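So the structure is just underneath, and the comments pick up after that.
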Amino acid sequence: MVESARGSSETVAPDLEAVRRRIEALRRAIEYHNYRYYVLDAPEIPDSVYDALFRELLALEEKYPQFRTPDSPTQRVGGAPREEFPKVRHPVPMLSLANAFNEAELRSWYQRLQKLLPPGVQPAFVVEPKIDGLTVVLHYRDGRFVLGATRGDGLEGEDITPNLRTVKQLPLRLPVPRQEDGTLPQVPVPTYLVVRGEAYVRRADFEAFNEEQRRRGERTFANPRNFAAGSLRQLDPGVTARRPIRLWVYQVVLVEGMAPFTSHWEALQYLKTLGFPVNPLTRRFESFEAVVQYCLDFVQNPPDLEYDIDGLVIKLDNMDLWETLGYVGKDPRWAIAFKVGGEEAVTRLLDITVQVGRTGVLTPVAQLEPVQVGGVVVSRATLHNEDYIIEKDIRIGDHVIVQRAGEVIPQVVRPLPELRTGDERIWRMPSRCPVCGAEVIRPEGEVAYYCVNSSCPAQLIRSVQWFASKGAMNIEGLGIRVAEQLVAEGLIRDLADIYYLRLEDLLRLEGWKEKRARNLLQAIEESKERPLWRLITGLGIKFVGQVTAQTLAATFRSIERLAQASEEALLAIEGIGPKIAQSVVTWFRQPQNQKVLTKLRQAGVRMAEETPAPEAQPLAGLTFVITGTLATMSREEAKTFIESLGGRVTNSVSRKTSYLIVGENPGSKLQKARQLGVPTLSEEAFFRLVRERGGPSVPNP
Ligand code: IVH
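Just add 58 to the spot in the sequence shown (first one is 1) and you have the working numbering.
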């Protein structure tokens, strides 16, 4: 008997069965391409082809209404308007998060946590961006999206299922196909799954929408968050369907019919394989110190994101401990939000000095009457630039509001003009560099003033200090004072000179004895082996902080490849926007920078990610595509196996494919491979190739 579409027992006539199969194939293909487009941002087919598939499915569902289902991609256009939003009770309370506004608060959270952890537990942590959107709670029964709710008061939310169905990044069926032919990843699907995530709108989409509304004289929204919330709370899902709502999923709330997760990180990886969008800036750390470093760097050098975030969320990875740790009020003890935008205090602005940065930028610095802000005494704060001072009308002698956010340099927020005595003085940027006396210019369209002298010692000193800092090459003993001395004595004329310092040079300097000199040289020597991202950070490329450097190192794996990357290639990376992309390309184009790189390489500084010894990478440089069913492994296993040997697996055959591995019942890829002249391998031949290249004969279980 043929299986019926609805799962009931009536027999479907053979031609209807073919229709059902075509409908199913179309749905899988559409789900797959939808995923490529909206979740991976890497479409494989032109929109016109996607539209044709979609239209064919619509027509078939129109003609054969018995095959319509609520999880068909056609349902994403929005159903009938509703009268109200029914209330839904959450399966467990949707907790909120406590905040840490600075490093000290973050550390005291960890200290409290440590006391509550069972003895002997090594905690790990996951850090995620805190998305500024609207919480959504998504329910899946047997892999089908059945209910979606807002957070409401945490206990009860509103049922906005029809609206959420229109969100293209939200999977309607799990798992989402990983191949055009509808092949599903080999993962268990729970009988019941509830996940939590954040619906949001990208800034550019928000602005385009408002622009259009303005043109039509209609209502605009105040910010992307309101826009997302307003769009999801539409009684007519057809309206929601036309709004560019996106989704990040960050939590498994409930899982039935599967072992519970013991690691939050693993839970997120699992959600990713099911086809959920999981934020790529999510990181796992095994030490709390690393968490702190990451958080501090993140707020100081925030990546260029297309959407708003309001900090980071730090979660204990050990999910099995969550329940016993419990919560305080509405906040779980196992997580905390690290927020940017913190505490304030009032003090007097005594003077404004100018600091010359490593890019030559002149930054006005407020010299303050010392004041406590968030538990720390502050006596200096940034004033950003001259425009900021003019716009806020900040004068020397003013009482000012000072703010500290995270561990970012404190800033002067605004003056309190009502407290003026009349003795306050207006300040303007000097016309000469306070360090070298060279001319100061302000390039067209920029707010910053620069010292024109590219060998201005102030710039070099700051560059050296940055290069050697904890967050970059971590050279102990090479702080700002030593950098000043080495530059002043002419021992360092560019960054690479750090690696050419000799004992006798150091011994000639004031205050240097043999022990100190040897220690510094030793620290410099050790820094040669630092991971690639530290070197990338240290180079001091504008807008490239630790976080971006890590992304770049992971993507390009060597300075050489990074240096050759085009702006387009950089822009294709999540977390890299036009500002960073342009800055990177420009940096590597400068002859003086190329010279520094050559000198660094010659000095023996590691310029690439450490790769396992060549014999462990027998498939390095080869790209495989798999078609049909393999006898000894699932596709996922084959992929893991190939990748563990240094090879790559992609989904579609192109001229760049090295081999197509052909299993039982191959699909259209075989034909494509033949057309392009890509060599094919049977499963057996594939294993032979691996053995010939010195790899293992079978994958490790
Ligand atoms: S975890 C109990 N993770 O922030 C766990 N929340 O202030 C609580 N949010 O209502 C949620 N990004 O809407 C978590 N990566 C993330 C988040 C996140 C944004 C929101 C969420 C929550 C609010 C708490």
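Glycine included, C-beta positions come from ideal geometry on N, C-alpha and C.
It should be emphasised that the depicted structure is a prediction, and the values quoted were computed from it without experimental measurement.
Is it buried or exposed for aspartate 200, if we count other Cβ within 10 angstroms and need 16 for buried?
-> exposed
Distance CB(glutamine 461)-CB(threonine 440) smaller than 8 Å = Against a cut-off of 8 Å, the Cβ pair of threonine 440 and glutamine 461 comes out as no contact.
Return yes when at least one heavy atom of ligand 1 lies under 7 Å from the C-beta of leucine 822, else no.
-> Absent from the model: residue 822. The displayed extent of the chain is 59 to 759, so no value can be given.
Exposed or buried, what is arginine 746 when buried is set at 16 or more other beta-carbons lying within 10 Å of its beta-carbon?
-> Around the beta carbon of arginine 746, a 10 Å sphere encloses fewer than 16 other beta carbons of the protein chains shown; the residue is thus reported as exposed.
Residue from Ala280, Asn443, Val436 whose Cα sits closest to the Cα of isoleucine 459 | Closest option to isoleucine 459, judged by alpha-carbon separation, among Ala280, Asn443, Val436: Val436.
Simplified DSSP state of aspartate 73, which is helix, strand or coil | helix
May I ask whether a heavy atom of ligand 1 can be found less than 7 Å away from the beta carbon of alanine 395?
-> yes
Bridge partners - asparagine 509, DSSP secondary structure assignment = Inspection of the sequence shows that residue 509 is occupied by cysteine rather than by asparagine. Per DSSP, Val498.
Excluding the five sequence neighbours on either side, which residues of its own chain have a C-beta within less than 7 Å of the C-beta of arginine 713, listed in chain order?
-> Excluding residues within five positions, the ones whose Cβ falls inside 7 Å are Leu734.
Shortest alpha-carbon distance to valine 720 belongs to which of Glu750, Ser710, Val711, Thr687?
-> Thr687
Go ahead and pull the three-state DSSP assignment for lysine 600.
-> coil
With a cut-off of 8 Å, do at least 3 Cβ pairs link the region 283-297 to the region 135-155?
-> yes
Can you grab the Cα-Cα spacing for the pair leucine 153 / glutamine 640, in whole Å?
-> 41 Å
Is proline 422 helix, strand or coil by DSSP?
-> strand
Cβ of tyrosine 122 versus every heavy atom of ligand 1: is any distance shorter than 7 Å?
-> no
Just confirm the distance between the C-beta atoms of glutamate 256 and tyrosine 308, as a whole number of angstroms; I'd bet it's less than 8 Å.
-> 7 Å
Which partner residues of tyrosine 198 appear in the DSSP bridge assignment?
-> Phe203, Leu251
With DSSP as the reference, please indicate the residues paired to asparagine 376 in a beta bridge.
-> Ser321
Burial state of asparagine 723, where buried means 16 or more other Cβ atoms lie within 10 Å = By the 10 Å Cβ count, asparagine 723 comes out exposed.
State the DSSP-derived secondary structure class of aspartate 389, mapped to helix, strand or coil.
-> In the structure shown, aspartate 389 adopts extended strand secondary structure according to DSSP, grouped into three states.
Mark glycine 65 as exposed unless 16 or more other C-beta atoms lie within 10 angstroms of its C-beta, in which case mark it buried.
-> Only weak support is given to the placement of glycine 65: the predicted model assigns it a pLDDT of 46, under 50, and the value that follows is read from those uncertain coordinates. Taking all protein chains in view, the Cβ of glycine 65 is surrounded by fewer than 16 other Cβ atoms within 10 Å, so the residue is classified as exposed.
With burial defined as no fewer than 16 other Cβ atoms inside 10 Å of the residue's Cβ, what is the status of isoleucine 617: buried or exposed?
-> buried
Which listed residue (Lys373, Pro233, Ser521, Gln237) has its alpha carbon closest to that of isoleucine 103 = Gln237
Uninterrupted beta strand (DSSP E) stretches inside the region 137-185 (no shorter than 3 residues) = Listed in chain order, the complete beta strand (DSSP E) runs (minimum 3 residues) inside the region 137-185 are 145-147.
Find out if the Cβ-Cβ distance for the pair valine 205, leucine 228 is shorter than 8 Å.
-> Correcting the residue identity first, residue 205 is leucine in this sequence and not valine. Cβ atoms of leucine 205 and leucine 228: not closer than 8 Å.
Is the closest heavy atom of ligand 1 to the C-beta of tyrosine 308 under 7 Å?
-> Yes - ligand 1 has a heavy atom lying nearer than 7 Å to the Cβ of tyrosine 308.
Does DSSP classify leucine 747 as helix, strand or coil?
-> helix
Reduced DSSP secondary structure (H/G/I, E/B, other) of leucine 677 | coil
When the Cβ atoms of the region 535-543 are set against those of the region 638-652, are three or more pairs found closer than 8 Å?
-> Taking 8 Å as the limit for Cβ pairs, the verdict is that the region 638-652 does not touch the region 535-543.
Neighbourhood of leucine 718 by C-beta distance below 8 Å, restricted to the same chain and skipping five residues each side = Phe682, Val683, Ile684, Thr685, Val711, Lys727, Leu728, Ala731, Val736, Pro737, Thr738, Leu739
Quick one: grab the DSSP three-state call for arginine 576.
-> Shown here, arginine 576 sits in a helix according to DSSP, grouped into three states.
Do you know how far the Cα of glycine 633 is from the Cα of threonine 278?
-> Taking C-alpha positions only, threonine 278 is separated from glycine 633 by approximately 28 Å.
Determine the extent of the beta strand (DSSP E) in which leucine 407 is found, giving its start and end residues.
-> Boundaries of the beta strand (DSSP E) harbouring leucine 407: 401-414, taken from the DSSP string.
Hey, how far is the Cα of methionine 691 from the Cα of lysine 697?
-> 9 Å
Cβ contact check for the region 307-323 and the region 241-259: 3 or more pairs under 8 Å | yes
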